[in-house]
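Numbering (our numbering), first residue to last: 2 to 260.
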């Protein structure tokens, strides 16, 4: 049962996360730790957080639908590994003993926070490594290296999720993409598949706290609508580092939390 106090905390956290997602991404580094901090069992917290992300992912894809034009080959290329990896990650999560996952949580948050902090340099490195026309679509990568990379990212996304956007953008940059809006559109498409199939699996096996998920969804919608106003007053860099600080603080607090 979600208490009124919990609902207020979750609404505030998810509103902040929605606003952060609209400016710099990384909102899960706020909502998931808060769920755990409120005493939710970590696996259920992760599953609930994944389900609450789905409406926002669909809305984000709709906003970038024009940038998907001309990306049919990349859409087809990434569909199966996205679905397979997301499913495998979700299965692995629900098969992980609760105590083991609870012990992993602070490390997963720190890992995702580190990725988020390094997102700028990672994107710059990707642009330097591969060339290409700013508006062009690079050919599909040959061999299985990028396919394996995408499968592993998708598996991580189904298992935990925070940071997969950064991983996917870095991979697309290394594959030859330069136009950031095309990269974001493709990332959003893959994220819908990964989060969607994982969410469906979590729902099927009853791993979701629906009252929490509903509050989180409402908060993220409200925060997303307010994000444009925040974007006018704060740089993405400022928001990014605020999220990094929050992620580190939450991870450290969970390290100190009794099992």
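The beta-carbon is built from N, C-alpha and C at its ideal position, and this holds for glycine as well. The structure presented is a predicted model; accordingly, all values stated were derived computationally and were not measured.
Asked: Status (buried if at least 16 other CB within 10 Å, exposed otherwise) for residue 63; Found: exposed
Asked: Beta-carbon spacing of residue 39, residue 9 below 8 Å; Found: no
Asked: Which listed residue (206, 67, 85) has its alpha carbon closest to that of residue 149; Found: 85
Asked: Integer Cβ distance of residue 89 from residue 168, believed to fall under 8 Å; Found: Contact doesn't hold; Cβ gap of about 16 Å is too wide.
Asked: Residue 251 (DSSP reduced to helix, strand or coil); Found: helix
Asked: Residue 185 and residue 65 closer than 8 Å at C-beta; Found: yes
Asked: For residue 143, the three-state DSSP class (helix, strand or coil); Found: coil
Asked: At least 3 beta-carbon pairs within less than 8 Å: the segment 207-217 vs the segment 102-109; Found: no
Asked: Per-residue burial, residue 208 [other beta carbons within 10 Å of its own, 16 or more giving buried]; Found: buried
Asked: Exposure of residue 165, with buried meaning 16 or more beta-carbon neighbours within 10 Å; Found: buried
Asked: Residue interval of the alpha helix (DSSP H) (run including residue 163); Found: Counting along the chain, residue 163 falls outside any alpha helix (DSSP H), and DSSP gives it neither H nor E.
Asked: Element boundaries [alpha helix (DSSP H), containing residue 102]; Found: 99-118
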